[in-house]
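Chemist: Count along the sequence shown starting at 1, add 1100, and that's the number in our numbering.
Glycine residues also receive a C-beta, built at the ideal position from the N, C-alpha and C atoms.
I have a structure I would like to understand better, so I am pasting it below and will then ask my questions one at a time.
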Amino acid sequence: MPEWLKAIIFGVVEGITEWLPISSTGHMILLDEFLKLDVSMQFWEMFLVVIQLGAVLAVVLLYFGRLNPFLWQQGRLGLRKDTVTLWKKIVISCIPAGLVGVFLDETIEDMFYHWQTVAVMLILVGLWFLWVERKRAGNVGPGAPKKVDRLEGLTYRAAFVIGLFQLLAAVFPGTSRSGATILGALLLGISRTVAAEYTFFLAVPVMLGASALKLVKFGFHYSSQELSILILGMGAAFAVSVLAIRFLMGYIKKHDFKVFGWYRIVLGAAVLVYFL
């Protein structure tokens, strides 16, 4: 199979799995077991992270109006207070994973980036999704906790707690960054729609920061083949991400996350059976 086609396949997988709570890194690691790119290990480690830039550009495109804090009014440049507040919460959520990424990035990769961790975390987080959704289904009636159904209702404390959940994904591949943050939000009584949207927004600084770190470590000297692989992978991830985000937001308006929990459990079990 030509390398350009492999790059597109990796981009498609990234675009689908980055936003669905099923672990993009886990799927990429597993896909690498069957579809090897003919590149150096250093380039592969960089590619695995930087391809996410294509995915995050889809969020910027779809939610630019919500994420842009600047306002041009009556010939003057101003700031949207609600958007600035949102960005403050996003920064707070990113602090835990950001610190770990800066200081323990290579250590974490050496210790946990293999199929065993991916399989175990796919199953554990899948079970967690089933438990959380069952727990939420029982929290009805007058004594049930108040649900946060608007992004403005997200507190700074909740933002920090969601950041702690995001930390799990930064350490253990197979957890899913979107899955961990959505789980944290659901446990705090945040609606599925708000949880998903906030997860999308968190991805912007997280992926930009992680990609910048990898690019600096790898350097900016690419062969023509490496450059084409990176561009094709990012392009495919961008196009598919637009569709995946729209699908997820439409799906969770009528359904819960149980199907993703079951998918994770089945996939994790299949991985264990295959490799063992």
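For Leu1171, name the three-state secondary structure that DSSP assigns.
Modeler: Strand at Leu1171.
Chemist: Name the DSSP bridge partner or partners of Gly1178?
Modeler: Its beta-bridge partners are Leu1171.
Chemist: Roughly how many angstroms lie between the CA atoms of Glu1252 and Val1149, to the nearest whole one?
Modeler: The alpha-carbon atoms of Glu1252 and Val1149 are separated by roughly 30 angstroms.
Chemist: Taking only the alpha-carbon atoms, compute the straight-line gap between Leu1135 and Leu1105 and give it to the nearest angstrom.
Modeler: Roughly 11 angstroms separates the two Cα atoms.
Chemist: Is it right to say Phe1357 is buried, meaning 16 or more other beta carbons lie within 10 angstroms of its own, or is it exposed?
Modeler: So Phe1357 ends up on the buried side.
Chemist: When DSSP labels each residue in this structure, what does Val1248 get in the three-state scheme?
Modeler: Strand at Val1248.
Chemist: To which residues does DSSP link Ile1290 through a beta bridge?
Modeler: Its beta-bridge partners are Val1248.
Chemist: Could you spell out the range, first to last residue, of the alpha helix (DSSP H) harbouring Tyr1374?
Modeler: That run of the alpha helix (DSSP H) goes 1358-1375.
Chemist: Classify Pro1370: buried if its beta carbon has 16 or more other beta carbons within 10 angstroms, exposed otherwise.
Modeler: First, the amino acid is wrong: residue 1370 is Ala here, not Pro. Exposed.
Chemist: Using a Cβ-Cβ cutoff of less than 6 angstroms, which residues in the same chain neighbour Gly1241 once the five nearest sequence positions on both sides are dropped?
Modeler: Any reading at Gly1241 must be qualified, since the residue scores a pLDDT of 42, below 50, and its modelled position is unreliable; the value itself is stated next. None.
Chemist: Count the other CB atoms within 10 Å of the CB of His1127; is the residue buried (16 or more) or exposed (fewer)?
Modeler: The residue is buried, with at least 16 neighbouring Cβ atoms inside 10 Å.
Chemist: Consult DSSP for Thr1117 and reduce its assignment to one of helix, strand or coil.
Modeler: Three-state result, Thr1117: helix.
Chemist: How many Å lie between Val1159 and Leu1167 at the Cα?
Modeler: Their Cα atoms are separated by approximately 9 angstroms.
Chemist: Please report the straight-line C-alpha distance between Leu1327 and Ala1296, rounded to a whole angstrom.
Modeler: Computed Cα separation, rounded: 32 angstroms.
Chemist: Counting Cβ pairs closer than 8 angstroms, one from the segment 1252-1267 and one from the segment 1316-1335, do we hit at least three?
Modeler: No, because fewer than three Cβ pairs between the segment 1252-1267 and the segment 1316-1335 fall closer than 8 angstroms, the two stretches do not touch.
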